[in-house]
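Since the structure comes first, as structure tokens, the remarks are kept for the end.
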Amino acid sequence: MKKRVFSGIQPTGILHIGNYMGAIKNWVSLIDSHDCIFCIVDLHAITVPYEPGDMQARIHDTAVGYIASGVDPARCTIFVQSDVPEHAELTWYFNTVIPVAYLERMTQFKDKSAQFHENITMGLLDYPVLQAADILLYKADVVPVGEDQAQHLELTRDIARKFNNMYGSTFPEPRTLIGSAARVVGLDGQAKMSKTLNNYIAITETPEEIGKKLSVAMTDPARKRRSDSGNPDICNIYMLHTLFTPGGQQRSVAAGCRSAGVGCLDCKKILAEAISTELKPIRERYEKIKNDRDLIRSVLDQGAQRCRAMAQETIREVKGKMGLLR
Ligand code: TRP
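Right, dumping it as structure tokens:
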């Protein structure tokens, strides 16, 4: 039997190269060796203010982005979290085993509650418990994520352990699998690449758009003039080279930056080309399927159907152990 993989991304709309390099590329590499389930986590997305009228379009775009990036629905399962109500149900059972104090010290909760300080909801505090329910509902063995999710996975194992201690062995403790590009810095050189910070390159952008965005992107701030030598090790643009540019070219860019032989503009041109090359097949697939509503609907419906059957089985087991089954 293949080991089971579970992971998810919030439906932020179009995916960016941070999602792709940080998570999805890693997912694709697991598809044939594992039983993979990939979720679009809309219930997580509503824990901060959002526009309800945009949600379905965001879900559609995310699904198209998964498939275009190589998450082939013929070889894995793709579904929308809210199509399987058992996620919310298992969250409630887990709420009765996890101390509040564990949730209050989650760094993502602390960051987000500072950002949305006017309305810190129960949903925001409970976010990691819902994530644990996502994973444990399917008894996943491996969870490929970016490094910012490591703490949530730690908590998932805590919840599994606590539940098992209280009600008898039920859940395996899933392993965190952090990819090699676990944190992709945004074009501002400051924060993780994200849709909301508008410091991203989308997987669908054309070579022209990529060139334009890169031309105004932050570089090593100490390199003010063309004749200054730069430090690739601290430059966010060079970090992107390490992800997209072939080895030999990558080394000559680094050496050129240090010796001031290669200016930031030349360096960015090389990068724009490397990114465009990698994204070309993704962009083409995206264009081909983006308006195929029937295809996306049928992929998500089939995914939900398979997941619901598995989820109901786990819920039945959990209710039985908790004394909730007549
Ligand atoms: N919290 C994750 C993120 O922001 C998304 C997520 C939700 C997830 N549920 C999950 C990731 C389950 C892995 C497994 O990236």
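Numbering (the numbering used here) for the sequence shown: 231 to 556.
We put the CB at the ideal spot given by N, CA and C, even for glycine.
Selected residue, minimal CA-CA separation from residue i, among the options
{"i": "residue 507", "options": "534, 433, 448", "result": "433"}
{"i": "residue 245", "options": "550, 533, 509", "result": "509"}
{"i": "residue 490", "options": "277, 462, 474", "result": "462"}
{"i": "residue 297", "options": "270, 283, 313", "result": "270"}
{"i": "residue 543", "options": "484, 488, 505, 319", "result": "319"}
{"i": "residue 487", "options": "503, 465, 470, 505", "result": "465"}
{"i": "residue 520", "options": "243, 236, 237, 235", "result": "243"}
{"i": "residue 345", "options": "299, 386, 415, 278", "result": "278"}
{"i": "residue 390", "options": "548, 231, 554", "result": "548"}
{"i": "residue 324", "options": "363, 384, 435, 332", "result": "363"}
{"i": "residue 280", "options": "328, 422, 241, 441", "result": "241"}
{"i": "residue 276", "options": "307, 239, 254", "result": "239"}
{"i": "residue 233", "options": "317, 381, 372", "result": "372"}
{"i": "residue 305", "options": "398, 545, 532, 505", "result": "532"}
{"i": "residue 530", "options": "394, 354, 294", "result": "294"}
{"i": "residue 452", "options": "419, 479, 512", "result": "419"}
{"i": "residue 522", "options": "442, 350, 291", "result": "291"}
Assigned secondary structure, residue i (DSSP; H/G/I helix, E/B strand, else coil)
{"i": "residue 313", "result": "helix"}
{"i": "residue 506", "result": "helix"}
{"i": "residue 407", "result": "strand"}
{"i": "residue 492", "result": "coil"}
{"i": "residue 374", "result": "strand"}
{"i": "residue 214", "result": "Coverage of the chain is limited to positions 231 through 556, which leaves residue 214 absent and any answer about it impossible."}
{"i": "residue 306", "result": "coil"}
{"i": "residue 270", "result": "strand"}
{"i": "residue 447", "result": "coil"}
{"i": "residue 459", "result": "coil"}
{"i": "residue 280", "result": "coil"}
{"i": "residue 556", "result": "coil"}
{"i": "residue 441", "result": "helix"}
{"i": "residue 252", "result": "helix"}
{"i": "residue 348", "result": "coil"}
{"i": "residue 540", "result": "helix"}
Residues that DSSP places opposite residue i in a beta bridge
{"i": "residue 301", "result": "Answer is none; residue 301 lacks a bridge partner."}
{"i": "residue 246", "result": "432"}
{"i": "residue 415", "result": "422"}
{"i": "residue 265", "result": "234"}
Run of the alpha helix (DSSP H) containing residue i, from where it starts to where it stops
{"i": "residue 236", "result": "No alpha helix (DSSP H) contains residue 236, which is instead part of the beta strand (DSSP E) from 234-239."}
{"i": "residue 454", "result": "Careful: residue 454 lies outside any alpha helix (DSSP H) and carries neither H nor E."}
{"i": "residue 361", "result": "352-367"}
{"i": "residue 394", "result": "380-397"}
{"i": "residue 333", "result": "330-334"}
Touching by the beta-carbon criterion (3+ pairs, under 8 Å), the region 452-459 and the region 472-480: no
Flag this pair as touching only if the region 362-378 and the region 402-414 have three or more C-beta atom pairs under 8 Å; answer yes or no. yes
Taking contact to mean at least 3 C-beta pairs separated by less than 8 Å, is the region 444-456 in contact with the region 283-299? no
The region 311-327 in contact with the region 398-407 per 3-pair CB rule at 8 Å: no
With contact counted as at least three CB pairs below 8 Å, one residue from each stretch, are the region 385-399 and the region 254-265 in contact? no
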